[in-house]
Amino acid sequence: MGKVKKKVKVIRIDTDKCNGCRACEMICSAFHASDKYSVINPSRSRIRMIREPMRDVYLPVYAGEYTAAECMGRDKYVVDGKEYEECAFCRASCPSRDAFKEPDSGLPLKCDMCEDDPEQEEPLCVKWCLADALTYEEREEEVEEEVILEEMETGLKSLIDKYGLDDLIDSIARMSRKE
Amino acid sequence: MRYAETGYNLEIDLSSGNIEKVETDPAITALHLGGLGTNAKILWDTVPPEADPFSPENRLIFGTGLLCGTPAVGANRTIVTTYSPQTLLMAYSMMGGFWAPELKHAGYDKVILSGKSPSLVYLWINNDKVELRDASHLQGKGTVETEALIREELQEPNAQVMSIGLAGENRIYYSSIEHSRSSASRGGMGAVMGDKKVKAIAVRGTKDLNIARPVEFIEHCNDVLNYIQWRADNPVQHVPPILAGLGSPQEMAIHDEQWHTTAFSWGNARYRRKDFWTEEVEKEWSEIQDGAVQRLISCYNCPMKCGAIIAYPTLELSKYMMKCYSKLTYVMGAMADNLEFGFRIAGLAQGYGVDAYTAPQVMAFAVELYEQGILTDQDLPEFPPDNEGRFFYLLEKIVRREGIGDVLANGVYWAAREIGNGAEAYDSNTIKKHEQIPIKLGMLNPIFFLMLSTGEKINITQIEGQLPQAPFPDREDREEFVKDWIQAPSDTIKEFFLNWELRGDNAFPFYPDFQTACELVEWQETMHYIDDSTGICAGLSSFPIKPPYHINNLPGLISAATGLDIDRDELWNKIVRRNRSLMRAINSRRGLRRSDDKPPQDHWKKRFPEHEAKLLDEYYKFKGWNNDGIPTKESLEELGLGYVGEDLEKRGIYNNGQSEEKS
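The listed protein sequences correspond, in order, to chains Z and S. So for the first sequence, the working numbering puts the first residue at 1; every next one is plus one. So for the second sequence, the working numbering puts the first residue at 180; every next one is plus one.
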């Protein structure tokens with residue numbers, strides 16, 4: 001397979017510049033309301049401020065992949081003399097915490113860089129961060145060309161990962177006999 | 180569905196412990212908006228005018244602004260309203276921070292406290308679950324510590340907490356309610372909270388807030404955001420640096436304090452030090468400030484960095500959050516030329532929860548009485564020889580109501596009368612029993628005369644605003660200024676500014692004409708009344724020159740968020756005038772009269788009693804008030820406040836006014 005160019009969207013997070021105003025959370029929830037901007041609720045936001053003024057901790061974190069299982073261990077980081085739970089930097093919507101889940105349904109949330117039609121110039125959390133703690137960049141990376149899996153194949157692949165190919169073939173064979 | 184507001188208040192009777200979630204009437208929102216407007220309506224309707232501020236009948240109302248929690252930039256203010264123990268009038272004090280949006284997301288627009296708790300408690304609002312919890316273990320704790328302890332004990336790091344310190348618990352008349360980097364400091368809110376034995380209110384909310392016309396509303400918000408960005412790159416010309424930008428004066432970021440230190444008075448509002456600010460001082464103070472400020476911080480959904488985390492090696496309190504001007508009030512009150520002292524004592528005072536405007540002035544007053552021999556070593560045993568030491572000494576006495584501290588705890592006005600022996604003469608900087616910003620100037624300013632005299636907040640910064648404080652000397656510069664003055668309400672006001680001169684016919688005190696003076700005052704005051712109802716911070720709206728929010732864009736913004744159709748006429752001439760006259764009527768009912776409407780006695784050297792009397796006459800007429808400053812029955816009727824006029828009549832308020840006038 002050959003190399004292809006891929007656009008990577010990057011939000012640069014400069015925690016030193018964060019003023020802790022939570023506009024990022026607010027506007028994220030507004031943008032992702034089913035009727036755009038009609039509902040505000042920071043607890044639905046795909047970005048979260050970890051904000052502890054007295055320890056000078058100001059850390060915006062984005063929602064990433066959903067994970068069914070929590071980590072076996074929890075580490076602690078000390079950066080510039082300030083201690084952070086490892087979870088502080090983690091993007092996962094996971095069973096160990098409430099963050100990055102819809103408050104009523106519990107469904108996982110994930111940052112989509114404010115995908116929109118027509119496209120937004122930059123994610124809205126970046127636009128609303130006049131402190132420039134959040135800035136947006138795009139860069140191109142050369143990556144190995146990979147076969148793009150269709151939706152059904154993606155689903156089947158996760159089932160193979162979980163149950164093994166043999167069990168999956170058996171199940172499909174059994175189901176097709178019933179019909 | 181309700182838009183921008185939740186449609187529910189939380190009413191708590193502390194005497195019985197009864198907690199109720201009460202649905203509000205949307206028609207009241209249409210008449211009074213929210214925040215201060217609806218707070219005033221509740222106070223009028225539910226608290227008898229004869230109620231003692233320290234009685235179970237008095238209410239302490241925490242109202243969120245109508246736009247708090249929406250994307251409206253800087254809409255985060257909580258408006259606290261009650262009868263003040265110091266002025267005995269209606270007082271309202273506001274704070275930014277994060278509490279109001281959190282309360283909205285918990286599902287409430289207001290928290291209304293009545294009665295008195297038998298023991299010290301705190302209130303915990305977690306969405307639908309609301310409870311009063313024992314706070315005996317928090318008694319005497321500082322405000323910063325209390326916030327942290329409550330979050331820890333609730334295991335809710337995202338709870339927003341407001342609290343009182345020792346000063347509030349001991350009902351110091353100028354005790355504050357502190358929250359995050361903000362506080363409701365004026366008028367003794369903390370004292371009423373302490374009297375009700377409520378140490379703190381913690382809130383956590385995860386509910387939705389709805390916007391009526393979302394696409395239209397977000398466009399308004401984007402315009403505001405863009406204008407803020409543009410203004411950051413284009414400061415206003417021909418004014419001191421501290422007034423050139425948006426926000427509260429940027430005390431934490433800016434080092435240049437020439438304007439405050441040379442224009443404002445030091446000591447007991449006595450001395451102007453026009454030569455204070457030198458290169459040397461600037462260098463020393465800049466170093467101290469850079470060493471103290473750890474990070475510039477903001478309130479909810481606001482890019483302005485008006486506050487800071489202060490972490491200074493010599494601090495008694497390891498860390499706290501400071502807001503704008505408190506950095507200078509203690510320094511100037513103590514005549515201490517040392518900024519480090521300011522950072523040290525402000526942290527301590529904030530932990531105790533006292534108003535950083537009033538407290539240093541009370542202390543400066545006490546020091547002056549001591550120097551004049553009116554207070555003696557008997558009153559002040561072991562009084563330190565240096566002013567910095569004296570201020571620390573007095574702070575400790577006051578917050579504990581120890582010895583003379585018990586007298587000084589009631590503020591300059593009451594203390595002067597209790598001390599007697601000529602002390603009254605040193606009460607030179609209060610209006611309506613409330614300490615004012617210490618400014619002493621030369622020539623009477625007719626606009627500020629009206630604002631200082633008649634403002635119901637009894638605080639100049641809550642009525643002044645968008646008009647530059649002095650004329651620009653060059654006409655060319657004035658023409659330049661007017662060109663993009665989109666915030667101006669009318670051509671008359673632009674014309675006034677274009678022709679306004681430092682000297683000659685078009686200078687103070689006889690310029691502008693009465694009508695224009697009234698219009699200028701009402702316009703600036705109206706902006707504050709809008710902000711105090713919407714919860715938008717004055718720092719982005721009514722206070723700075725050329726702000727992003729103004730009379731010409733706010734009606735559209737409020738309409739899109741709420742779904743109410745409010746045009747400029749409705750907003751200014753109906754809603755704001757209604758709220759303004761209602762508040763005046765509340766205070767008329769509590770005894771406020773024309774004789775109370777005056778500036779601090781020596782605010783200006785050059786006074787013009789006849790002209791001043793005429794100014795008041797004209798302003799009252801302009802407002803629809805009688806010559807004693809009481810809203811007339813007819814004007815109240817026009818504003819849909821017929822019931823208020825009837826009540827004033829029934830209580831004989833008008834008759835008293837007339838008979839006083841005759842005598």
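Quick reminder that beta carbons are idealized off the backbone N, C-alpha and C, glycines included.
Positions along the region 471 to 505 of chain S whose CB lies within less than 8 Å of some CB in chain Z: 473, 474, 475, 476, 477, 478, 479, 480, 481, 482, 484, 488, 490, 498 and 500
Pick from 618(S), 761(S), 549(S) and 334(S) that is closest to residue 566(S), judged by C-alpha positions: 549(S)
Continuous beta strand (DSSP E) assignments of at least 3 residues falling wholly in the region 310 to 390 of chain S: 339 to 342, 356 to 358, 361 to 363 and 377 to 383
Pairwise C-alpha distance: residue 16(Z) and residue 78(Z): 16 Å
Backbone CA spacing between residue 817(S) and residue 558(S) [nearest angstrom]: 55 Å
Contacts that residue 393(S) makes with chain Z (C-beta to C-beta distance below 9 Å): 30, 33, 35, 36, 37, 38 and 39
Same chain, Cβ closer than 8 Å to residue 734(S), five either side skipped, listed in chain order: 745, 746, 747, 749 and 750
Residue 649(S), buried or exposed, once every other Cβ within 10 Å from all chains shown has been counted against 16: exposed
Pick from 391(S), 188(S), 628(S) and 182(S) that is closest to residue 797(S), judged by C-alpha positions: 628(S)
Range covered by the alpha helix (DSSP H) that runs through residue 23(Z): 23 to 31
CB contact below 9 Å: residue 244(Z) versus chain S: Given that chain Z is displayed from residue 1 to residue 179, the structure contains no residue 244(Z) and the question cannot be resolved.
7 Å Cβ cut-off: residues of chain Z touching residue 386(S): 41
Those residues which DSSP pairs with residue 785(S) across a bridge: 622(S)
Whether residue 94(Z) touches residue 135(Z) by CB criterion (9 Å): no
Proximity of residue 761(S) and residue 700(S) at Cβ, strictly below 9 Å: no
Spatially closest choice to residue 211(S) from 710(S), 828(S) and 773(S), by CA coordinates: 710(S)
Segment contact flag, the region 528 to 547 of chain S with the region 436 to 448 of chain S, C-beta cutoff 8 Å, min 3 pairs: yes
Test: residue 103(Z) CB closer than 9 Å to a CB of chain S: yes
Proximal chain Z residues relative to residue 815(S), where beta-carbon distance stays under 8 Å: What residue 815(S) touches in chain Z: nothing, since even the nearest Cβ is about 37 Å away.
Alpha helix (DSSP H) segments (min. 4 residues) lying fully within the region 631 to 670 of chain S: 654 to 662
Reduced DSSP category for residue 482(S) - H, G, I as helix; E, B as strand; rest coil: coil
Assigned exposure category for residue 263(S) - 16 Cβ within 10 Å defines buried: buried
Simplified DSSP state of residue 612(S), which is helix, strand or coil: coil
Listed by chain order, chain S residues near residue 177(Z) by CB distance under 9 Å: Result: empty, since nearest Cβ-Cβ is about 49 Å, beyond 9 Å.
Below-9 Å beta-carbon distance, residue 90(Z) vs any chain S residue: no
Member of 813(S), 634(S), 776(S) and 663(S) whose CA lies at the smallest distance from the CA of residue 414(S): 663(S)
Cβ-based contacts, 8 Å cut-off: residues of the region 48 to 70 of chain Z near chain S: 52, 53, 54, 56 and 58
Residue 702(S) and residue 691(S) closer than 9 Å at C-beta: no
Contacts that residue 190(Z) makes with chain S (C-beta to C-beta distance below 7 Å): Only positions 1 to 179 of chain Z appear in this structure, which leaves residue 190(Z) out of reach.
CB contact check: residue 94(Z) to chain S, cutoff 9 Å: no
Proximity of residue 14(Z) and residue 133(Z) at Cβ, strictly below 9 Å: yes
Residue-chain proximity (residue 360(S), chain Z), Cβ-Cβ < 9 Å: yes
Backbone CA spacing between residue 673(S) and residue 666(S) [nearest angstrom]: 10 Å
Backbone CA spacing between residue 289(S) and residue 789(S) [nearest angstrom]: 45 Å
Alpha-carbon spacing of residue 838(S) relative to residue 351(S), whole angstroms: Caution is warranted here: a pLDDT of 43 is assigned to residue 838(S), below 50, making its placement in the model unreliable, and no coordinate value can be reported.
Presumed contact (8 Å Cβ cut-off) between residue 502(S) and residue 361(S), rounded CB distance: 6 Å
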